[in-house]
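Novice: Our numbering puts the first residue of the sequence shown at 260, with every later residue one more than the last. Think of the CB as a built atom: it goes at the ideal place given N, C-alpha and C, for glycine as much as any other residue.
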Amino acid sequence: MKTIFITGASTGLGKATAKFFAAKGWNVIATMRKPENETELNKIDNITLLPLDVTNLEQIKVAAEKAIALGNIDIVFNNAGYGLMGPLEGTTDEQVVKQLDTNLLGTIRVTQAFIPYFRARQSGLFINTTSMGGLLTFPFASVYHATKWALEGWSESVAFELSKFGVGMKTVSPGGIKTDFLNRSSDMASHPAYDVFMEKMFSNFNEENFSDVDQIVEVVYEAATDGKDKLRYQAGKDAIELYAQRLEMGDEAFRKQMAQMI
260 MKTIFITGAS TGLGKATAKF FAAKGWNVIA TMRKPENETE LNKIDNITLL
310 PLDVTNLEQI KVAAEKAIAL GNIDIVFNNA GYGLMGPLEG TTDEQVVKQL
360 DTNLLGTIRV TQAFIPYFRA RQSGLFINTT SMGGLLTFPF ASVYHATKWA
410 LEGWSESVAF ELSKFGVGMK TVSPGGIKTD FLNRSSDMAS HPAYDVFMEK
460 MFSNFNEENF SDVDQIVEVV YEAATDGKDK LRYQAGKDAI ELYAQRLEMG
510 DEAFRKQMAQ MI
């Protein structure tokens, strides 16, 4: 049985991925900040829960050591993260730091914790949840985009060095996920000067156009099992279509089109 280590498994994509891989016969190490509150994954035989807050460097090291002690790890799925939205002028420094710590530094540090193990084995795969927001941008999400564009560039670069030791690196870039994108996995900054523009933008969002989480999980599973030397996987109809549109139109024309949202 292969084993996948998942961060951010208490809700959303992380939890759905844990359940999907377990149903496929994988051993799953599902990590979350408060595993004592989990009432579903803890009842599945081939899922092990571990505490992990990806903003806590010492806890990252401990979780990696405990996971490796349980047996061979084949995949590390860096999934923990959330979306910070709102105008930069109304964003607090605390919000900026939290977004960077969770989305970007958390992924980098978890990866660092497992590299020596994968390098020694000459095998292993990292899969990072980025976002269509790492390939294109929307208004009023600048700090979120900063983390996701950074993850895409970081993943592409580190893939070169890891490949020398038989270790893979991939990204999965979801679009909007129902019940997730604008609700549980988002934080909001505000400033009265931008309220009218924010209202216009959010009026363009309709969760009915987002993907079911299971559609995204299937792309994660594809990335995990297809054996391809491929870096980027877009997930969800909106992500696939918008990214293709950006490539076809070119950066400037696409940017001007997105500006019409506000």
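Taking 7 Å as the cut-off, decide whether the C-beta atoms of residue 335 and residue 264 are in contact.
Specialist: yes
Novice: Could you give the DSSP three-state label for residue 493: helix, strand or coil?
Specialist: strand
Novice: Between residue 482 and the rest of its own chain, which residues show a CB-CB distance below 7 Å, the 5 nearest in sequence each way excluded?
Specialist: 386, 429, 431, 492
Novice: What residue range is occupied by the uninterrupted beta strand (DSSP E) comprising residue 377?
Specialist: Unbroken run through residue 377 is the alpha helix (DSSP H), 365-380; no beta strand (DSSP E).
Novice: Check for me: the alpha helix (DSSP H) holding residue 327 runs from which residue to which?
Specialist: Where residue 327 is concerned, the enclosing alpha helix (DSSP H) stretches over 316-329.
Novice: Around the C-beta of residue 405, are 16 or more other C-beta atoms found within 10 angstroms, so that it is buried, or is it exposed?
Specialist: With 16 or more Cβ atoms within 10 Å of its Cβ, residue 405 is classed as buried.
Novice: In this structure, what does DSSP give as the bridge partners for residue 386?
Specialist: 336, 429
Novice: Have a look at 383, 294, 490 and flag the residue whose alpha-carbon is nearest the alpha-carbon of residue 416.
Specialist: 490
Novice: In the DSSP assignment, what are the bridge partners of residue 286?
Specialist: Residue 286 pairs with 262.
Novice: Does DSSP put residue 406 in a helix, a strand or coil?
Specialist: helix
Novice: Pairing CB atoms from the stretch 297-313 with CB atoms from the stretch 503-512, are three or more of them under 8 Å?
Specialist: Taking a contact to require three or more Cβ pairs closer than 8 Å, the stretch 297-313 and the stretch 503-512 do not qualify as touching.
Novice: In angstroms with no decimal places, state the Cα-to-Cα distance between residue 495 and residue 370.
Specialist: Answer to the nearest angstrom: the Cα atoms are 25 Å apart.
Novice: So, under 8 Å CB-CB, residue 281 and residue 301 are touching, yes? Tell me the CB distance rounded to an integer number of Å.
Specialist: So it is not a contact: roughly 12 Å between Cβ atoms.
Novice: Within 10 angstroms of the Cβ of residue 462, are there 16 or more other Cβ atoms? Answer buried if so, exposed if not.
Specialist: exposed
Novice: Could you check where the beta strand (DSSP E) with residue 391 kicks off and where it finishes?
Specialist: Where residue 391 is concerned, there is no enclosing beta strand (DSSP E), given that its DSSP letter is neither H nor E.
Novice: Using only the alpha-carbon positions, how far apart do residue 384 and residue 518 sit?
Specialist: 37 Å
Novice: Between the stretch 352-364 and the stretch 466-475, do three or more beta carbon pairs fall short of 8 Å?
Specialist: Too few Cβ pairs lie closer than 8 Å, so no.
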